[in-house]
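Engineer: This note's numbering puts the sequence shown at residues 79 to 152. All C-beta atoms, glycine included, are put in the ideal place defined by N, C-alpha and C. Just so we're clear, the structure is a prediction, and the values are computed from it rather than from any experiment. Below you will find the structure I want to go over with you.
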Amino acid sequence: MAKKSLFLEKSLQRLEEILRILESGEMNLEESIKLFEEGMKLIDETQSHLQQLEKRVKILVEEGNEKYVEKDIE
79 MAKKSLFLEK SLQRLEEILR ILESGEMNLE ESIKLFEEGM KLIDETQSHL
129 QQLEKRVKIL VEEGNEKYVE KDIE
């Protein structure tokens, strides 16, 4: 799970860096577009990763006789 956490952290850090660079206005149009595309790709990858993690999150609910049932978090 540490790798997944690092993926999310590094992705968010890079997205913040891209945002700072784009907001500075110091890059030409071509460089800005490349950074924008990189950011959009990172957003897609991060959202996909989060969706996979969300599917794995389960709540164990005790149901008499020490039986447990997994239920998805909504």
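Would you mind reading off the limits of the alpha helix (DSSP H) that contains Gly-117?
Structural biologist: As a working mapping, residue 117 is identified with position 39 in the sequence shown. Note, Gly-117: alpha helix (DSSP H), 107-134.
Engineer: Please tell me whether, using a cut-off of 7 Å, the distance from the CB of Leu-86 to the nearest non-hydrogen atom of the ligand ZN is below it.
Structural biologist: As far as ligands go, the structure on display features none, and thus does not contain the ligand ZN.
Engineer: Are the beta-carbon atoms of Ser-110 and Leu-100 separated by less than 8 Å?
Structural biologist: Here residue 110 refers to the residue found at position 32 of the sequence shown. Here residue 100 refers to the residue found at position 22 of the sequence shown. In this structure, Leu-100 lies closer than 8 Å to Ser-110 by Cβ.
Engineer: Give me the residue from Thr-124, Arg-134, Glu-132 with the minimum Cα distance to Leu-84.
Structural biologist: One-based indexing of the sequence shown puts residue 84 at position 6. It is Thr-124 whose Cα lies nearest to the Cα of Leu-84.
Engineer: Are the beta-carbon atoms of Leu-120 and Leu-97 separated by less than 8 Å?
Structural biologist: On the sequence shown, residue 120 is found 42 positions in, with the first residue counted as 1. On the sequence shown, residue 97 is found 19 positions in, with the first residue counted as 1. Against a cut-off of 8 Å, the Cβ pair of Leu-97 and Leu-120 comes out as no contact.
Engineer: Helix, strand or coil, according to DSSP, for Glu-94 in the structure here?
Structural biologist: Residue mapping note: residue 94 aligns to position 16 of the sequence shown, counting from 1. It is helical.
Engineer: Under the three-state reduction of DSSP, which class applies to Glu-104: helix, strand or coil?
Structural biologist: Counted from its first residue, the sequence shown places residue 104 at position 26. If DSSP states are grouped into helix, strand and coil, Glu-104 belongs with coil.
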